[in-house]
Amino acid sequence: MLIRNVAMLVVPEQGECRVDEAQDIHIHDDLITAITPTAQTPTGEEVIDGTGLIAVPGLINSHTHSPMVMMRGAAEDLSIEDWFNQRIWPMEVNLTPERVRVGARLACAEMLLAGVTTFVDHYFHADEIAAAAIESGIRADLAPTYFSSAGPDGINAAIDTTRELSRLHPRITASLGPHATYTVADDDLERTADIARAEGFRIHLHAAETDDQTQASLDNHGVTPIQVLERTGVLDAGALIAHGCGIRDTDLPILEQYRTTIASCPKVYLKLAMGEVTPIKGLRSVGVHVGIGTDGAAVHNTLDVWEAIRMVALTQKQREHDAEWMTLSETLRLATRGSAAAAGLENQIGVVEPGRQADIALLDLSAPHNQPVHDPRAALVYSVRASDVVTVLVAGKVVVRDHHLTTMDLPEVLDDARSLAGTLVDLSKGGAIQHYAP
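Printed below as a string of structure tokens:
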């Protein structure tokens with residue numbers, strides 16, 4: 009396959025990103041094999057005409073709960089405590105494998121159409137999410153969620169699912185998924201870390217989500233959530249931490265020692281009035297990789313990573329009171345290389361280079377909201393919408409062509425979601441899967 013005559017975003021490990029014009033991207037099977045200046049079209053290849061388009065690495069949603077699209081708009085204008093205790097965890101009593109699969113199919117469709125080629129998920133019934141990902145053609149890292157309240161059998165089942173998923177499909181990887189430091193006991197975290205080291209898994213969990221959580225951990229246990237992760241061996245095993253808004257300056261020397269990545273989802277922090285956003289400047293100063301995610305659509309409302317990219321740039325400038333911080337290039341690097349590291353796939357995806365997986369999104373910047381394009385990097389960070397995505401490839405396969413999914417029947421996906429959505433948000437059963445009291 010050849011993507012011919014396309015502008016291409018180049019993201020170096022350091023320094024300024026740039027856009028190279030008139031490039032040909034050569035693809036064989038699932039890999040990018042060469043990038044050359046545009047030449048006469050070779051014969052015998054499938055050619056995608058990139059004239060007037062810009063090629064970017066497929067976006068990576070570095071932390072989400074994809075089936076929660078089924079709860080979109082069902083938990084609004086609530087404090088974080090009430091969001092969990094009055095809406096989300098009572099709704100999740102209604103989860104079934106079928107409802108998770110239907111939600112995951114809708115989520116995969118939404119993400120692919122927006123140029124997201126990989127998502128890093130943390131949820132229940134992860135085998136059903138895997139089935140949706142395989143069907144849709146997207147790439148996924150899946151962490152089956154567990155609480156200590158599930159007991160040994162529940163935890164063992166989630167860990168066994170991780171093992172099964174890791175062998176399932178080339179586009180599926182798997183991580184261990186303890187929910188959080190305040191919902192999983194230290195001995196269960198220690199066991200998780202032991203399994204992760206022994207079997208080569210990463211650990212994906214929530215920690216230091218808010219500064220209030222960090223203070224509660226200090227008050228109740230005398231340590232921060234990051235110190236909990238260190239003493240239980242989670243950091244040593246290798247962890248992806250969701251949010252980290254409550255990470256303190258004193259935690260940074262600890263994180264510097266380990267293979268830790270952080271996923272930042274800033275729209276959520278604004279919407280739930282969490283008080284802080286991820287301290288990206290401090291984390292980057294000690295070499296911690298940071299990726300960009302959406303969290304679940306039950307709070308983010310969309311799985312639009314373009315929106316999350318924009319929010320990261322804006323909230324970081326505000327946090328540091330520095331308009332010169334979180335530049336275009338650094339923002340794009342977080343969205344590509346940083347998010348690839350968060351997915352545990354930093355050597356396979358995240359940039360358009362020979363030898364990488366052919367996960368590519370082609371965008372059309374001709375719409376009024378992008379014009380005129382004085383700097384395409386600025387358009388990508390601050391102007392682009394999901395609807396600007398024209399064509400998407402994952403592992404060298406076209407999964408979106410001319411704004412249309414090639415792998416799933418979108419009307420069917422939407423009909424299935426609408427038919428089951430009411431059953432998932434029904435609160436009449438009572439009860440909850442957990443109680444939020446960090």
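Under the working numbering, residues 9 to 446 are what the sequence shown spells out, in order. Glycine residues also receive a C-beta, built at the ideal position from the N, C-alpha and C atoms. If you're wondering where the values come from, they're calculated on a predicted model, not measured in any experiment.
Subject >> Exposure label - residue 254; buried when at least 16 CB within 10 Å >> reply: buried
Original post:
To which residues does DSSP link residue 409 through a beta bridge?
Top reply: 412
Original post:
Are residue 183 and residue 149 closer than 9 Å when you measure CB to CB?
Top reply: yes
Subject >> Unbroken alpha helix (DSSP H) run spanning residue 308, endpoints >> reply: 305-308
**OP:** Specify the secondary structure class of residue 179 as computed by DSSP and reduced to three states.
**Re:** coil
Original post:
Considering only C-alpha positions, which residue in the set 297, 324, 244 and 319 is nearest to residue 21?
Top reply: 297
Original post:
Mind checking whether the beta-carbon of residue 119 lies closer than 8 Å to any heavy atom of the ligand HEM?
Top reply: Among the components modelled here there is no ligand, and therefore nothing to report on the ligand HEM.
Original post:
What are the complete beta strand (DSSP E) segments, minimum 3 residues, inside the stretch 16-70?
Top reply: 26-36, 39-45, 55-57 and 61-65
Subject >> Proximity to residue 62 [Cα-Cα], best of 402, 441, 439 and 381 >> reply: 381
Original post:
Hey, residue 340 and residue 25: beta-carbon distance below 9 Å or not?
Top reply: yes
Original post:
When the Cα of residue 260 is compared with those of 241, 272, 284 and 293, which residue comes out closest?
Top reply: 293
Subject >> Integer-rounded CB distance, given that residue 240 should sit under 8 Å from residue 197 >> reply: 4 Å
Original post:
Looking at the unbroken beta strand (DSSP E) that takes in residue 272, where does it start and where does it end?
Top reply: 268-272
Original post:
Is there contact here, the stretch 120-139 with the stretch 396-411, by at least three beta-carbon pairs under 8 Å?
Top reply: yes
Original post:
Which ranges does the beta strand (DSSP E) cover as unbroken runs of at least 3 residues, wholly within the stretch 246-331, from first to last along the chain?
Top reply: 247-251, 268-272 and 297-300
Original post:
Under 9 Å between the Cβ atoms of residue 19 and residue 359?
Top reply: yes
Original post:
What residues are listed by DSSP as bridge partners for residue 155?
Top reply: Per DSSP, none; premise fails for residue 155.
Original post:
Three-state secondary structure (DSSP) at residue 205?
Top reply: helix
Original post:
So, helix, strand or coil for residue 147, using DSSP?
Top reply: strand
**OP:** Tell me the start and end of each unbroken beta strand (DSSP E) in the stretch 342-396 that is at least 3 residues and wholly inside, in chain order.
**Re:** 368-372
Subject >> Residue nearest to residue 431 in terms of C-alpha spacing, selected from 60, 72 and 103 >> reply: 103
Original post:
Quick one: Cα of residue 64 to Cα of residue 350, how far?
Top reply: 18 Å
**OP:** Output yes or no for whether 9 Å exceeds the beta carbon distance between residue 126 and residue 164.
**Re:** no
**OP:** Provide the residue span of the alpha helix (DSSP H) that contains residue 219, from first to last.
**Re:** 219-229
**OP:** Return the chain-ordered list of same chain residues with a C-beta closer than 7 Å to the C-beta of residue 389, the five sequence neighbours on each side being excluded.
**Re:** 317, 318, 321, 336, 339 and 340
**OP:** Spatial neighbours of residue 347 within its chain, please: CB distance less than 7 Å, with the 5 preceding and 5 following residues excluded, ordered by chain position.
**Re:** 68, 70, 299, 300 and 358
Original post:
In three-state terms, what does DSSP make of residue 132?
Top reply: coil
**OP:** Using only alpha-carbon positions, find the residue among 139, 97 and 90 that is nearest to residue 111.
**Re:** 139
**OP:** Measure the CB-CB distance between residue 114 and residue 422 and report whether it falls below 9 Å.
**Re:** yes
Subject >> residue 211 - containing beta strand (DSSP E), residue span >> reply: 211-215
Original post:
Less than 9 Å separating the beta-carbons of residue 9 and residue 35?
Top reply: yes
Original post:
Closest to residue 441 by CA distance: which of 39, 76, 158 and 144 is it?
Top reply: 158
Subject >> Reduced DSSP category for residue 126 - H, G, I as helix; E, B as strand; rest coil >> reply: strand
Original post:
DSSP state of residue 435, grouped into three classes?
Top reply: coil
Subject >> CA-to-CA distance, residue 53 to residue 324, given in whole angstroms >> reply: 44 Å
Original post:
Helix, strand or coil: which one does DSSP assign to residue 404?
Top reply: coil
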